[in-house]
Each structure stands twice: as C-alpha cells, then as structure tokens.
Amino acid sequence: MPNNLVRHYSLCGDRWDAFSYEIAVLNTSDSKGGSSWIHDHLHEGMTLPFGGPRNHFPLVPADRYHFIAGGIGITPLIPMIAQATMTGADWRLLYGGRSRRSMAFADRLQQLGQHVHLWPQDEKGIPDIAAWLGEATPRTAVYSCGPGGLLKAVDSACEAWPEYSSRSERFVAAERNQSNNRSFSIHLKSGGVAEVGPRESVLDVLRRLGRAPLSSCGQGVCGTCEVGVVDGQPDHRDSVLSDAERDLGDCMMVCVSRAKTDHLTLDI
Ligand code: FES
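Numbering (my numbering), first residue to last: -17 to 250.
Written out as structure tokens, the structure reads:
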C-alpha cells in the first residue's frame, strides 16, 4: 500500500478465473492501518502492487468436507466450497458471527441450501462444535478459519479424529514461548554470515543486512516472509506450515521461526 504497509488477504473469488483476484477486507475498529487504509482511501482505478498468490491452505481430496468459519474467516473457505460443489463432494458449512448483519457473504451462502448452517451468536449463542461435527467418518476433511477460540474448539473436537483430518488457517498468532530463545548464526547462500540474538528475529537480522524478504504480519500467520532453508534445522514457530511441511525443514517463516541447530543456511 502507498502507506508502506504490506497486507495479505485470502482470495475469495472464482479460483478458475485466471484474470482477476477477489478479496474481502473487514472494516475493523482495531485496524493497524491496513484495512482502514483500504476502506478510507482505496478507490476504483487505483493500482496497487502485489505478490503471490501463495497457498498454505490447500483443499485436499476427500469425499466429505466439514467447513467451519468464524467471522471474516469465511473468505478462504468460499473457493473451497465452490470447488467441493463442483466436484460433487458431500459438504456442509458452519458459519458463525456476532450478528447476521456482520457476516460477509451470508446471503450468497444461504442460497446454497441446507448444507449451510449460519450461526449468528446474538440469535443462537455459541455453537457446540463437537456436536456439530459428530463422530469421525472415513475420508472426511475438516477445514476451519477464524478466531483463536474457534480454532481451539475445532482442535479439541477433532482430537479423536484420524491424523491430518483437520486443517485450519489462523489470522491471529498462536501463543509462543520465547523464554527458551537462544542465539544461532545464519549463513546466506549468496554470501554473508550473521548472528541472531535471543531477543531478535531472523527477519530483524536480514533487515539489518539489507536482505529481508517481503513481510506482512510479523506473527507467523501469513506466509509472506517464507525463506528456503538449505542447511540446518529450523525451529518452526509459525501457524502456516503443516506438520508434514515442518518435517521437511526446507523452508521457514523468518519473522518468528528460529533454529534448532547452531547454524542455518538460508536460500538468500
Ligand atoms: Fe507473516 Fe512472516 S510476515 S509469516
């Protein structure tokens, strides 16, 4: 944005339309400058630079999908619902929000019929996620996006489900323990070595070196600052990578992730 902020938003348009991207931006009272700028200053005809898109929340093939959204967390699920409909998969959606008026896309979604369970809290209270999900069934995937409390409820409801059944996207960082931070060194593939102290991030150090990648959230939730790891073992502290991607250890989010080894060689 012209105010030097970089923000990431979920694409919520037609994923088969290669010529346009659609995003939905919540006009929030606690904006840190991104959404308020978009609502106050962005207008038709303006040009903005963009990077990506990236997909850290892919839809895996399944016979049945349970989608669970809280508030603006509905956005990444919209193209998934369209895809599930297109492929004839069995799907249902639980979509919660403070009130019906505050729930983006509610009217459009309601037209999809009995698959869609709208849950305005001022009318129905807090949804019982475990009851809504019911028992684990084979070849079923659970996708959720929304505030931390909702994702926690989905995690605990899915505890007894087979591994990898549940996938979520966060827009608020999970809590991280910083007390065990230790120093390590980073080596840049293109040359250069630097020490990362316990109170700074790899991103801070890369900025100092003038080699920082694009970054946005600074909390390990957006995936913008992803950097390849050529050698060493990252200590992943983000909320973006899946367990399988963490095990591979070939990339890291430099705004929050650190090192388990004394050295890391980065693909920069
Ligand atoms: Fe968002 Fe690092 S800047 S994950």
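The C-beta atom is built at its ideal place from N, Cα and C for all residues, glycine as well.
Using a threshold of 7 Å, is the CB atom of Asp186 nearer than that to any non-hydrogen atom of the ligand FES? For this step, residue 186 is matched to residue 204 along the sequence shown. Answer for Asp186: no, Cβ out of range of the ligand FES.
Between the Cα of Glu182 and the Cα atoms of Leu170, Phe32, Asn162, which residue gives the shortest distance? For the purposes of this step, residue 182 is taken as the residue at position 200 of the sequence shown. Here the closest residue by C-alpha is Asn162.
Taking Ala176 as part of the beta strand (DSSP E), name the residues at either end of that continuous run. Position 194 of the sequence shown, counted from the start, is the residue given in the question as residue 176. Ala176 -> beta strand (DSSP E) spans 175 to 178.
Hey, would you say Val209 sits closer than 8 Å to Asp220, going by beta carbons? The sequence position of residue 209 within the sequence shown is 227, counting from 1. The sequence position of residue 220 within the sequence shown is 238, counting from 1. Against a cut-off of 8 Å, the Cβ pair of Asp220 and Val209 comes out as no contact.
Exposed unless 16 or more other CB atoms sit within 10 angstroms - verdict on Tyr146: On the sequence shown, residue 146 is found 164 positions in, with the first residue counted as 1. Counting Cβ neighbours within 10 Å, Tyr146 comes out exposed, since fewer than 16 surround it.
Inter-residue CB distance, Arg149 and Phe39 (contact presumed, cutoff 8 Å): In the sequence shown, the residue the question calls residue 149 occupies position 167. In the sequence shown, the residue the question calls residue 39 occupies position 57. So it is a contact: roughly 7 Å between Cβ atoms.
Output the distance between the C-alpha atoms of Thr235 and Glu151, rounded to the nearest integer angstrom. The residue labelled residue 235 in the question sits at position 253 within the sequence shown. The residue labelled residue 151 in the question sits at position 169 within the sequence shown. In the sequence on display, residue 235 carries Met and not Thr. Rounded to whole angstroms, Met235 to Glu151 spans 15 Å at the Cα level.
When you compare the stretch 86 to 99 with the stretch 55 to 65, are there three or more beta-carbon pairs, one atom per stretch, that lie closer than 8 Å? yes
Separation of Gly205 from Arg(-11), as counted between CA atoms: Within the sequence shown, residue -11 is the residue found at index 7, counting from 1. Within the sequence shown, residue 205 is the residue found at index 223, counting from 1. Arg(-11) and Gly205: Cα-Cα distance of roughly 11 Å.
Would you list the residues whose beta-carbon is nearer than 5 Å to any heavy atom of the ligand FES, in the order they occur in the chain? Ser197, Ser198, Cys199, Gly202, Cys204, Thr206, Cys207, Met235, Cys237
Determine, using beta carbons only, whether Arg46 and Asp72 come nearer to each other than 8 Å. Along the sequence shown, one-based indexing puts residue 46 at 64. Along the sequence shown, one-based indexing puts residue 72 at 90. Yes; because the gap between Cβ atoms is below 8 Å, this pair is in contact.
I need the boundaries of the beta strand (DSSP E) containing Met235, first residue and last residue. Position 253 of the sequence shown, counted from the first residue, corresponds to residue 235. Run containing Met235: 233 to 235, per the beta strand (DSSP E) assignment.
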